Amino acid sequence: MHIYLPIAEVSANAYVLFGLGGLVGILSGMFGVGGGFLMTPLLFFIGIPPAVAVATEANQIVASSFSGVLAHLKRKTVDLKMGTVLLVGGLIGAALGVMIFNYLKSLGQVDLLVKLCYVVFLGVVGSLMFLESLNAIRKSKKAVSVPKKRGRSWVHALPLKMRFRTSGLYISVIPPVLVGLFVGILAAIMGVGGGFVMVPAMIYILGMPTKVVVGTSLFQIIFVTGFTTMLHATTNYTVDIALAVLLLVGGVIGAQIGTRIGVYLKAEQLRILLAIMVIAVCLKLGLDLIIMPSELYSIGAAGGH
Amino acid sequence: MILRALVLLLLTALPATAEEVVLGMSSDTISITTNFDGSELLVFGAVKREAPIAQGDPLEVIIAVAGPSEPLTMHRKDKKLGIWVNADAVEIDLAPSFYAIATTGPFTEVLSDVEDLRHKVSIPRAIRSVGAPMTVSDSQSFTEALIRIRSENGLYQLNEGTVSLDEQTLFRTSVELPADLTEGDYTTRIFLTRGGTVVSSFETSLDVRKVGLEKFLFDLSRQQPMIYGIMSLAIAIIAGWGASAAFQLLRRQ
């Protein structure tokens, strides 16, 4: 069944969109990630204009993270204070990101920007995750556990310290604001929640306890992607609600199935699978940039130069 | 003297008014709805004449359906630092979003180049491109690329020999309208030609509109983007929450 997407102004198969949402949902349920970094490139591949894909995906992330945050709030695993500090950075970052996005759109380079960002981030995150989970598997085979040491790093030397009770931290607000800022830019440009950058940053840079990391990052993601959605909707008119709802319903159902599949797999195996997938998407996008395209020309909106 | 002038007037006036188009179309509005999957537009008509069919070159019919024109920018990729990036750009002043030509015979035979130039019938002539920046020397290839890309997507069509003409009087053709039509006023032009020269032409318009929910969402997103954005967030949150709540309910049972 074909459905006409009013904002994207293309006609797409509703079952394909629904299935795509479901597939990414299964993966996100299995791995506990948002899935935006997989969904947005997949939307490019089926012919949704990149600007619409990024903005709509931001809208979808708000919705798919919402029930997650509620669950975390109930379990009190959200550091609201830290979340707010991250959010301040995130909102500034999202505004900056949308400005960069719109500037490059006027230059006709927005596709390149989005794709390059994907190649770089997916490449870095994928390889790090791959190496780390390989190490973890090797260590678990040797059955030697190395106690984690969390030394006092440069993070503790910065001014403007604040106490974060839920996380049990007393650190400067500068690093979390910077982390939030960076993730906000990514959200606006790439149409991702940024959990795959923020979660490692919260653990390794800020030294937050793992227990509160996911809830707090979801809390920040909801507001940042919500803000991004509003910015894209008011400046670019590229949020397609029909597309978002289709992806979303498939995604929520897929996530529930994925969570159950995830139970049967070990954490290291899951992470290595995810790493392989991230690297695969990165390679596909990277090759598209390197291999000579079959059509060198493209049609863009007027006004740009 | 008066008689001679009258004869002369008749002679010059006759070819232009001797054959006229009476036109019908399967619809004068196309509604883009949720399940719009392209459409077929039937264009048919008759040639009205008050004199017997003229001898000589046979009558030919050209039907051109054009969507609303808009300016756009063509980008060309070039390899820079190992990756393919948009490098040169050429602005096209006006290009129809949709353009389909149907003829009774090979295009170059039914319409001469001079007449094409005058009436701007062929696809390249329907596109207006004034100037390219100094850095681009081959601006022609940008226009060609535009035609190539839009032809591949079914947005530009040249269908030679698809107009059927009976007894040099009744003609009909069908035009495939693709799924991704741009909203707006479409014009349908009919040309009757003899020996490559236009003897009569007729123009009518076709309304392509988004209707129902599509129209509502599209208009809201342009006119009240703030409200549209808030509504999108609210709908998405409710849908996401609702779907997961429904799933939890199912699981408990």
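Protein chains in written order, with this note's numbering: chain P, 185 to 489; chain U, 638 to 890.
We put the CB at the ideal spot given by N, CA and C, even for glycine.
Remember, it's a predicted structure, so these values are computed and weren't measured experimentally.
Using a Cβ cut-off of 7 Å (strictly closer), state whether U:Leu647 contacts chain P. By one-based count along the second sequence, residue 647 of chain U stands at place 10. Low local confidence applies: a pLDDT of 44 at U:Leu647 is under 50, so the model's placement there is unreliable, and no value is given.
In angstroms, rounded to a whole number, what distance separates the CA positions of U:Arg787 and U:Ser778? As a working note, residue 787 of chain U is residue 150 in the second sequence. As a working note, residue 778 of chain U is residue 141 in the second sequence. So the two alpha carbons sit approximately 14 Å from each other.
Can you name the residues that DSSP bridges to P:Asn319? Numbered from 1 along the first sequence, position 135 holds the residue referred to as residue 319 of chain P. Answer is none; P:Asn319 lacks a bridge partner.
Below 8 Å on C-beta distance, what does U:Phe855 contact in chain P? Along the second sequence, read from residue 1 onward, the residue named residue 855 of chain U stands at position 218. Ordered by position in chain P, the residues that pass the 8 Å Cβ test against U:Phe855 are Pro190, Ile191.
Proximal residues of chain U, C-beta to C-beta of P:Leu473 below 9 Å: Sequence index remark: in the first sequence, residue 473 of chain P carries index 289 (1-based). Residues of chain U passing the Cβ test: Gly719, Ile720, Trp721, Val722.
Where U:Met863 and U:Glu820 are concerned, what is the direct C-alpha to C-alpha distance, given to the nearest angstrom? Looking up residue 863 of chain U in the second sequence gives position 226. Looking up residue 820 of chain U in the second sequence gives position 183. Each residue's Cα considered, the two are about 23 Å apart.
Look up U:Ala724 in the DSSP assignment and say whether it is helix, strand or coil. For the purposes of this step, residue 724 of chain U is taken as the residue at position 87 of the second sequence. In this structure, U:Ala724 counts as strand in the three-state DSSP scheme.
In the structure shown, what three-state DSSP assignment does U:Leu795 receive? As a first step, residue 795 of chain U is located in the second sequence; it is residue number 158 there, counting from the start. In this structure, U:Leu795 counts as strand in the three-state DSSP scheme.
Just to confirm the assignment, what range does the alpha helix (DSSP H) spanning P:Glu241 have? Reading the first sequence from its first residue, position 57 is the one you call residue 241 of chain P. Start and end: 234 to 258.
Helix, strand or coil at U:Val836 [DSSP, three-state]: For the purposes of this step, residue 836 of chain U is taken as residue 199 along the second sequence, with counting starting at 1. Of the three classes helix, strand and coil, the one that applies to U:Val836 here is strand, per DSSP.
Where the beta strand (DSSP E) through U:Leu829 begins and ends: As a first step, residue 829 of chain U is located in the second sequence; it is residue number 192 there, counting from the start. Taken as a continuous stretch (DSSP letters only), the beta strand (DSSP E) holding U:Leu829 covers 821 to 831.
Beta-carbon separation of U:Ala871 and P:Ala428 under 7 Å? On the second sequence, residue 871 of chain U is found 234 positions in, with the first residue counted as 1. On the first sequence, residue 428 of chain P is found 244 positions in, with the first residue counted as 1. Taking 7 Å as the Cβ cut-off, U:Ala871 and P:Ala428 do not qualify as a contacting pair.
Counting pairs of Cβ atoms below 8 Å between the stretch 342 to 359 of chain P and the stretch 200 to 207 of chain P, do you hit three or more? Because the criterion of three Cβ pairs below 8 Å is not met, the stretch 342 to 359 of chain P and the stretch 200 to 207 of chain P do not touch.
How is the beta strand (DSSP E) around U:Asp775 delimited, first residue to last? Counted from its first residue, the second sequence places residue 775 of chain U at position 138. Segment: none, U:Asp775 is in no beta strand (DSSP E) and carries neither H nor E.
Can you name the start and end residues of the beta strand (DSSP E) that U:Gly682 belongs to? Start at 1 with the first residue of the second sequence, and residue 682 of chain U comes out as number 45. Run containing U:Gly682: 676 to 686, per the beta strand (DSSP E) assignment.
Could you give the first and the last residue of the continuous beta strand (DSSP E) run that contains U:Asp753? Taking the first residue of the second sequence as position 1, residue 753 of chain U is located at position 116. No beta strand (DSSP E) contains U:Asp753, which is instead part of the alpha helix (DSSP H) from 750 to 756.
Would you mind telling me which residues of chain P sit closer than 8 Å to U:Thr670, beta carbon to beta carbon, in chain order? Here residue 670 of chain U corresponds to residue number 33 of the second sequence, with the count starting at 1. Here the neighbours are Tyr188.
Could you tell me whether the Cβ atoms of P:His416 and P:Val408 are closer together than 7 Å? Looking up residue 416 of chain P in the first sequence gives position 232. Looking up residue 408 of chain P in the first sequence gives position 224. Cβ atoms of P:His416 and P:Val408: not closer than 7 Å.
Interface partners of U:Glu851 on chain P, CB under 8 Å: Within the second sequence, numbered from 1, the residue matching residue 851 of chain U stands at position 214. Going along chain P in sequence order, the residues near U:Glu851 (Cβ under 8 Å) are Tyr188, Pro190.
Could you tell me whether any Cβ in chain U is nearer than 7 Å to the Cβ of P:Ala428? Counting from one through the first sequence, the residue named residue 428 of chain P turns up at place 244. Yes, its Cβ sits closer than 7 Å to a Cβ of chain U.
Contacts of P:Gln404 in chain U (Cβ-Cβ under 7 Å): Here residue 404 of chain P is taken as the residue at index 220 of the first sequence, counted from 1. What P:Gln404 touches in chain U: nothing, since even the nearest Cβ is about 16 Å away.
I'd like to know if P:Thr418 contacts chain U, where contact means its C-beta is closer than 7 Å to some C-beta of that chain. The sequence position of residue 418 of chain P within the first sequence is 234, counting from 1. So yes, P:Thr418 belongs to the interface.
P:Ser478 versus chain U: which residues are under 8 Å apart at the beta carbon? Within the first sequence, numbered from 1, the residue matching residue 478 of chain P stands at position 294. What P:Ser478 touches in chain U: nothing, since even the nearest Cβ is about 11 Å away.
Whether U:Ser774 touches U:Glu656 by CB criterion (7 Å): Numbered from 1 along the second sequence, position 137 holds the residue referred to as residue 774 of chain U. Numbered from 1 along the second sequence, position 19 holds the residue referred to as residue 656 of chain U. Not closer than 7 Å, so no.
Out of P:Asn319, P:Leu467, P:Leu370, P:Arg349, state which residue places its alpha-carbon closest to the alpha-carbon of P:Ile276. The sequence position of residue 276 of chain P within the first sequence is 92, counting from 1. It is P:Leu370 whose Cα lies nearest to the Cα of P:Ile276.
Residues near U:Ser668 in its chain [Cβ-Cβ closer than 7 Å; skip 5 each side]: One-based indexing of the second sequence puts residue 668 of chain U at position 31. Around U:Ser668: Arg846, Val848.
Since U:Asp725 contacts U:Pro708 with CB under 8 Å, what's their CB separation in whole angstroms? Position 88 of the second sequence, counted from the start, is the residue given in the question as residue 725 of chain U. Position 71 of the second sequence, counted from the start, is the residue given in the question as residue 708 of chain U. Under the criterion of beta carbons closer than 8 Å, U:Asp725 and U:Pro708 do not qualify as touching, at roughly 17 Å.
Taking 8 Å as the limit between beta carbons, can you name the residues of its chain near U:Leu754, skipping five residues before and five after? Along the second sequence, one-based indexing puts residue 754 of chain U at 117. Within the same chain, U:Leu754 has close Cβ partners Arg762.
Am I right that P:Ile405 and P:Gly379 are in contact with their C-beta atoms under 8 Å? What's the rounded C-beta distance? Sequence index remark: in the first sequence, residue 405 of chain P carries index 221 (1-based). Sequence index remark: in the first sequence, residue 379 of chain P carries index 195 (1-based). With a beta-carbon spacing of about 6 Å, P:Ile405 and P:Gly379 fall inside the 8 Å limit used to define contacts.
Is the beta carbon of P:Met313 within less than 6 Å of some heavy atom of the ligand FMN? The model on display carries no ligand, and the ligand FMN is accordingly not part of it.
Spell out whether any CB of chain U is found under 7 Å from the CB atom of P:Gly377. As a working note, residue 377 of chain P is residue 193 in the first sequence. No - not a single Cβ of chain U is within 7 Å of the one on P:Gly377.
Between U:Arg713 and chain P, is the shortest Cβ-Cβ distance under 7 Å, so that the two count as touching? Numbered from its first residue, the second sequence carries residue 713 of chain U at position 76. When Cβ-Cβ separations below 7 Å define contact, U:Arg713 makes contact with chain P.
Per-residue contacts from P:Ala247 into chain U (C-beta, under 7 Å): Mapped onto the first sequence, residue 247 of chain P falls at position 63. The contacting residues are Ala873, Ile874, Ala876, Gly877.
Residue from U:Ala883, U:Leu886, U:Gly877, U:Arg888 whose Cα sits closest to the Cα of P:Leu430: Looking up residue 430 of chain P in the first sequence gives position 246. Comparing Cα-Cα distances from P:Leu430 to each of U:Ala883, U:Leu886, U:Gly877, U:Arg888, the minimum goes to U:Gly877.
On the premise that U:Arg713 lies in contact with P:Leu480, defined as a C-beta separation below 8 Å, what is that separation, rounded to the nearest angstrom? Counted from its first residue, the first sequence places residue 480 of chain P at position 296. Counted from its first residue, the second sequence places residue 713 of chain U at position 76. So it is a contact: roughly 5 Å between Cβ atoms.
Runs of alpha helix (DSSP H) lying entirely within the stretch 375 to 463 of chain P, each at least 4 residues, in chain order: With a minimum length of 4 residues, the continuous alpha helix (DSSP H) runs that stay inside the stretch 375 to 463 of chain P are 379 to 388, 394 to 419, 425 to 447.
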